[in-house]
Each structure stands twice: as structure tokens, then as C-alpha cells.
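Participant: Protein chains in written order, with the working numbering: chain A, 1 to 354; chain B, 355 to 708.
Backbone N, C-alpha and C fix where the C-beta goes; we use that ideal spot for every residue, glycine too.
Shown below is the structure under consideration.
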DNA sequence: GAAACCTAGGAAAATGTTTACCCGAATGTA
DNA sequence: TACATTCGGGTAAACATTTTCCTAGGTTTC
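Here it is, written out as C-alpha cells:
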């Protein structure tokens, strides 16, 4: 809060030497280095032939004055602004935050800055932010959804590229990036098979979520290829809650007493499952192994035992979204739904150990 | 991803009518409305005397052309850019995300746009983003910490106002906003006393966190005022984990068999406590009531029973940070540490019921 | 009816860079 | 020596606004 830069502090008289607190311009640098403004500009933009000593003089003057080019003047001239918009629609940010961070990270390398907007899942607000971002002249927009079900396109005549992250757009010519839930299901089933488990049940979340169906599908695919199947040939669907994890686990165990491993549709469900099994006197993974999905550290790392799970790799997803956006900005859009592979996070609930 | 705006699509010949895809400028509006650019500007900025019919003509022309003023040209002229920077340092975003959302919300009303940066708790990265934001000519900066312990100031000669949210600055002339943990402790203790509980234990988190100490202090203050005290006259400190919740609860119960309520330093700890109590055959809140702190929905709402807790009101904190920043930008900084009151979230772990 | 005063709106400078174009000097070639 | 090239760097016109005058005409006022 030093130097509030407002009208409060006494404006030092404009005394040639340091004109009050005015930021140095390219002209100041030019004068200090004894060259023209064009030369200074050329030094900073690069790609011009200049005598090395001239360039050095300019650079020295610039550092001495703590000069950095005014992006507003730059963008006024050129057609790029070096900014992108990020519209998040996640109340709790469980999903959108890692995506945002990944994107921010990738854009940082590209020298792009990110405008953050929060639409709270509200279409009106989303349109408002869209207009606001366009008025700001962003070069592109990323829309981060809060669930994996496909969503309506943001608009048909948006003058800049748009990338949909997490929730894909329904429009096939849009660019979308989503977690590969089928691969996640495969990864989980592979892990269990590799450890020698064979009687595998699946306790899923809400079947109206594509994510739930995809995870089951991936798991079933691997199991069938191995000559077996999900116990009872299909998954049990229910709400995304711990309570369903407890109830569902007991129901599955009753139907299939031989079950030696249980795949869960989310960490919440797995957490409930672990509680129920422990209360019923079963050891995990000794009597039965358990896997979750999502890798919510808060739940998974502190459960008893710590939960093996699938990480959706959302930060990579964000990074990929950023890459796709910059690619589109550079005139090379890659329409379609891109899938990001998840990661296996093995912990004690399948491996045993402490 | 329509109209990539890049070099890909054939540039329509500049045909007077609609010069390709060039955004309309104030000049286009002026021509269409039959006035000068100055007049258009005056209409949009307001505060000038214009004949109503002239104003209407300009507005009609602007909407017809879908004109919005170029903020880069505006900021080039004026001294404000209408942008602020938000430096987050939270890996998981449990704390910084709600703050960001609150700030974004409050700035939205002020017509300010937010640049998001992620420092990942790394000072180098933080300085990098600081420079980047200053180069972008932001009007101010909010730094969101990841824990409540005070932190070093961002820099001594930053030319724009800075507000520290969640983690206060050590420098007294900086502006900081933090959750009022003492008030949170008071709120929790009040709640329990009001429900008739009298033998109250306190199971805290890591004592090196100011937040932990403050919460205990607030609770003790209320209890002493009511003529009693924390059982054993002091809180039990330990790691912020469920395991500590289980172990600590058992230890406290052994020392103080008469305990009828247990305050916990976090929802994690409370969650562990609930598990231990249930496993030991105690009913909550029949035999003993439990309260958490932080209101992490993921944990608190799904525990058995749902957990009464204290919400840090982080979104309000973010909003307050935004207000303090705009105030400082407007030349009226309010140095010091501002505290935001938390909220009581009563659930079944103290109230009973289903 | 003339002087003073509004009133609505225009002309143009200013904001900080970029870049197309230009020019003088040095260098190379015939 | 005469001419063409290259090299290094300067000139000035954009870029889209805002804002400070300025002015032409209309309205008061005495």
C-alpha cells in the first residue's frame, strides 16, 4: 500500500529529472540512449539489424529507467492483446481450479495473461462475462465446466476462438478437452487385475452422468478382455455420496459374497465403502480391495486405509486447453473432443502395507 | 471456434460497407450517426450536455454496429486500466478459490477485470507475476495466501496498491484482510453453551498456526466469561489430520470422562473425532456433541452425523479485499489488518435430529 | 437592438508504440 | 572513379480514444 498513486500524495513538481511518478516511455529511453524511439522499439521487438553497442546502450537506458513497454499502446497498434479469458462455472472449484491453474501455467510461458470470470453455472452470467471479455478484446476464451456432461455452445458468432474444458461443447466444430473417463475405468480395472483380484464389483455414482457411464465402460472393457466381467454383469448406480457408498457396498457384498475387490465411481463413494467394510469387520485390502476415482486429497489421502484412486490429471487438461487455444489463436484450430489421460494413484486400499 | 480471426480465412475485400471483420470504431459510429468522434465519446463517457435526439442517434448507431469502445485506446489516454491482478498461492485452492470468487464478484460490479496468477507458494514465481502484472499496468493487486500466518510484504516500492487476503502482511502499513478466527472460536463456544453443554474439551490442530491459537483463544474467552473453561484448562494440539482427531478424542475422553462436547480445530480433526466416537459406541450428540471449523462441504456435510462447524466466510473476505483495493486505488487506503466475521453452520452433530 | 451568455457539438492535440519508408554513410564492384 | 548495395537508424503516419479548447448560433438582458 505504499505510494497509493492516487491524488493523495503531493505530486512532485515535474522537474525534468523524474517527471513525478509518470512511468517512463519509449521516448524517455530513446532520449537517455541518444537514439530515436523507433530504434528503442526495434530493440525490444527484435528481428532488426542493429549495431550491438547501440542495442546495449538502449538496454542499459531501459533498465536504468525501469522501463517496460506499455501493452496498451502496443495492442492499440497490433491486432493481438496478449490476453485470454477464462470463464469458470464451479461453485466449489473442485474441478475448475486445477484446470485454471494448468491453463494459467501454460499461458504464462506464452506470455499471455488470463482474465478470470466466475459464471457460477448461470447462463445469464456467462453471457455477461462473454460480452465483458470481448469488450476487453481478449484473443481467445476458455470455458471451464463443472461436470463432464456436454453443454450448449457459448455462441455461434464469437469473433475469437473458444475452447471448452472439462464439459465439452455439444457443437462438433467447437474445440473441447475432457478427462478420459473410459481410460480411467480401464486403468482402475487393470490395476486390480494386475494385483490378482478377480471377483470385482462396481459401485457407481449417478448414472445420468456421462462420466459415471464412461468409467464403468472402461472397467468392463478390460475385465471382459481378461475373460471375466463386473460382478453381476453390471454396475450399481446411485448418488455421489458416502451414504450410498456404505449402503451400496453392503448390498453388493450380500449379492456377491465372493467379491474380492470393489471399484467405486468416486472417492466419496469409496470413502463410504471403506467405512462400511471396516464397521462390518472386513479388512482392506486383505478381505477386499477398494478403489476410488477423482483423487480428492482431502478424502482419499486421509481415509483408512489411504485410498487407491484415479487422478483425472486436471492440471494437464488445463494445460492442454491452453495449448489448443493458442493454436487456434494462431490460426490452426483443432475441432473435436480431445481426451486427457488420467493417472493411477495407488495407495494402501489396494496395495496393503502399513 | 467459428471465424478463427487468424490469417486462415480469406480476408473479405475492404469494401466500405463492412471492412472485413474489423471491429467498429468510434469513428464508424460517428459517421453512421452524422456527428463527430468527440460527440460519440461524450455520449459513452457521460457527463456532457447533449441534445437527447443526438444522443439517441449515436446510441442507435452504436448498437446497430455492435460497437464497444476499445479499452486499449481508453487506457492509453487515461491513467486507469480497469484491471487488477490476483496472485494466488494455493496448490489445492481450498482457501484461495472462494476468496478469488468473492473478489471477482465485487470487482465485476466496479467494472474491473481480474488477471489471475498462480504463484504456487513460491517467492520467485510471485515476483515474476508481480513484474508481469505491473508491466500489464494493473491498477492494483490482491495477494491471496494459503494459510493465515503472516507473510513478508510483496515489495516496498510497488507503484500500485496491494491488499493481502487470508495471509496478512507483516508490514503494518500494508492493507490485509483475514478471517476472524478468535470470533470463530467464540461463535463455536457460544453455540455449545447455548445448547446447554458445559463440559467442553478442545482438540486443536498444529499450534504453530496462528489460526489454531486464535480459535482456542476465542473459545476460552467465552467459556471463562461463562464461569467455566476448556476442560483441562488448555487445548490439545496436534497435526491437522483425521488420525489426530481419532487419537486426540480418545485421549481427551480418557482424561475427562465427563466431557459432553468437543470443539475441534478443523473439520478434518472433527471428522476423525466422529469416527472414533462412533467406533467406541458413543452417540453424537446424545453422549457428546462435536463441532468442526472451516466448513469443508466435502467432509462436513457427508459425515455421520453431519458436522456443525464454523464457516470462514471466505467469499465475503474476498469481496472485502476487493472493496479495500478499490478504495486504495481511489486514493483512500485503509492500512492495517481487517477481520471478517465467520458464520455458524449448525448441523446434526450438535443439534441432534435425524 | 446590441452586448453578454448559453448550448451543442466540432477540431485537434495528446496518449505510447509499431512499422513502412526514407536517407546518409560505408562498403563493394566494375 | 562512378555506381550499386548494404547497413544502421531516423521520420512520421497510423492505431482508437479522450479532452481541451473553440465556434456558430440561439437566448437573455438591459
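Determine, using beta carbons only, whether residue 454 of chain B and residue 116 of chain A come nearer to each other than 8 Å.
Facilitator: Yes. Within cutoff.
Participant: What runs of the alpha helix (DSSP H), each 4 residues or longer, lie entirely inside the region 571–634 of chain B?
Facilitator: List check, alpha helix (DSSP H) in window: 596–609 and 621–633.
Participant: Looking at residue 87 of chain A: is its Cβ nearer than 8 Å to the Cβ of residue 128 of chain A?
Facilitator: Taking 8 Å as the Cβ cut-off, residue 87 of chain A and residue 128 of chain A do not qualify as a contacting pair.
Participant: Beta-carbon separation of residue 236 of chain A and residue 215 of chain A under 8 Å?
Facilitator: No. Outside cutoff.
Participant: Note down the Cα distance separating residue 311 of chain A from residue 410 of chain B, rounded to an integer number of angstroms.
Facilitator: About 56 Å.
Participant: How about residue 542 of chain B and residue 573 of chain B: do their beta carbons lie closer than 8 Å?
Facilitator: Yes, they are a contact pair.
Participant: Do the region 506–515 of chain B and the region 458–467 of chain B meet, that is, are 3 or more Cβ pairs less than 8 Å apart?
Facilitator: Flag = no, the region 506–515 of chain B and the region 458–467 of chain B do not touch.
Participant: Which term fits residue 692 of chain B, buried or exposed, when burial requires 16 or more other beta carbons within 10 angstroms of its beta carbon?
Facilitator: Buried.
Participant: By the three-class DSSP mapping on this structure, what secondary structure does residue 525 of chain B have?
Facilitator: Note: residue 525 of chain B maps to coil in three-state DSSP.
Participant: Cβ of residue 33 of chain A within 8 Å of Cβ of residue 58 of chain A?
Facilitator: A contact, by the Cβ cut-off of 8 Å.
Participant: Would you say residue 114 of chain A reaches chain B, if we count a Cβ-Cβ gap shorter than 8 Å as a contact?
Facilitator: Output row for residue 114 of chain A: interface = yes.
Participant: Just the Cα atoms here: how many angstroms apart are residue 73 of chain A and residue 46 of chain A?
Facilitator: The straight-line gap from Cα to Cα measures roughly 17 Å.
Participant: Please say whether residue 175 of chain A and residue 166 of chain A have beta carbons closer to each other than 8 Å?
Facilitator: Against a cut-off of 8 Å, the Cβ pair of residue 175 of chain A and residue 166 of chain A comes out as no contact.
Participant: Excluding sequence positions up to five away, which residues of its chain have a Cβ less than 8 Å from the Cβ of residue 65 of chain A?
Facilitator: So the qualifying residues of the chain are 24, 28, 29 and 32.
Participant: With a threshold of 8 Å between beta-carbons, can residue 649 of chain B be considered close to chain A, or not?
Facilitator: Not one chain A Cβ lies under 8 Å of residue 649 of chain B.
Participant: Could you check whether the Cβ of residue 481 of chain B sits closer than 8 Å to any Cβ belonging to chain A?
Facilitator: No, residue 481 of chain B does not count as interfacial toward chain A.
Participant: From the DSSP output, read off the bridge partner residues of residue 645 of chain B.
Facilitator: The partner list for residue 645 of chain B (beta bridge, DSSP) reads B:617 and B:662.
Participant: Find the nearest neighbour of residue 300 of chain A within the set A:268, A:136 and A:324, judged by alpha-carbon distance.
Facilitator: Per the Cα distances, A:268.
Participant: Straight-line CA distance for residue 647 of chain B to residue 395 of chain B?
Facilitator: Rounded to the nearest angstrom, the two C-alpha atoms are 52 Å apart.
Participant: Using the Cβ count rule (16 or more neighbours within 10 Å means buried), how would you classify residue 656 of chain B?
Facilitator: Result: buried.
Participant: Please identify the residue among B:614, B:424, B:620 and B:480 whose C-alpha is closest to the C-alpha of residue 559 of chain B.
Facilitator: Nearest of B:614, B:424, B:620 and B:480 to residue 559 of chain B, Cα basis: B:620.
Participant: Which residues in chain B sit within 9 Å of residue 202 of chain A, going by Cβ to Cβ distance?
Facilitator: The contacting residues do not exist; residue 202 of chain A stays about 21 Å from chain B at best.
Participant: Near residue 415 of chain B, which residues of its chain fall below 6 Å by C-beta distance, leaving aside the five closest residues on each side in sequence?
Facilitator: So the list reads 383, 386 and 387, once near-sequence residues are dropped.
Participant: Taking the CB atoms as reference points, tell me whether residue 704 of chain B and residue 525 of chain B lie closer together than 8 Å.
Facilitator: Cβ atoms of residue 704 of chain B and residue 525 of chain B: not closer than 8 Å.
Participant: Find the nearest neighbour of residue 670 of chain B within the set B:540, B:493, B:435 and B:534, judged by alpha-carbon distance.
Facilitator: When each option's Cα is compared against that of residue 670 of chain B, the closest is B:534.
Participant: DSSP three-state call for residue 493 of chain B: helix, strand or coil?
Facilitator: If DSSP states are grouped into helix, strand and coil, residue 493 of chain B belongs with coil.
Participant: Along the region 319–342 of chain A, what residues have a CB closer than 9 Å to any CB found in chain B?
Facilitator: Correct list: 328, 329, 330, 331, 332, 333, 334 and 335.
Participant: Would a check of beta-carbon distances place residue 520 of chain B closer than 8 Å to chain A?
Facilitator: So no, residue 520 of chain B is outside the interface.
Participant: Touching or not, the region 480–500 of chain B and the region 130–143 of chain A, by the rule of three or more beta carbon pairs under 8 Å?
Facilitator: The answer is no - the region 130–143 of chain A does not touch the region 480–500 of chain B, with fewer than three Cβ pairs under 8 Å.
Participant: I'd like to check one pair, residue 118 of chain A with residue 596 of chain B: are the Cβ atoms closer than 8 Å?
Facilitator: Not closer than 8 Å, so no.
Participant: Just how far apart, CA to CA, sit residue 369 of chain A and residue 343 of chain A?
Facilitator: Look at the range of chain A in this structure, 1 to 354, and you will see that residue 369 of chain A is not part of it.
Participant: Using the DSSP secondary-structure output, state which residues sit across from residue 124 of chain A in a beta bridge.
Facilitator: According to DSSP, residue 124 of chain A bridges with nothing at all.
Participant: Can you give the Cα-Cα distance for residue 576 of chain B and residue 537 of chain B, rounded to whole angstroms?
Facilitator: Their Cα atoms are separated by approximately 10 Å.
Participant: Go to residue 436 of chain B, then tell me how far its beta strand (DSSP E) extends in each direction, as first and last residue.
Facilitator: Residue 436 of chain B -> no beta strand (DSSP E), and no H or E assigned at all.
Participant: Going by the CB atoms, is the gap between residue 460 of chain B and residue 677 of chain B shorter than 8 Å?
Facilitator: Their beta carbons are under 8 Å apart, which means residue 677 of chain B touches residue 460 of chain B by this criterion.
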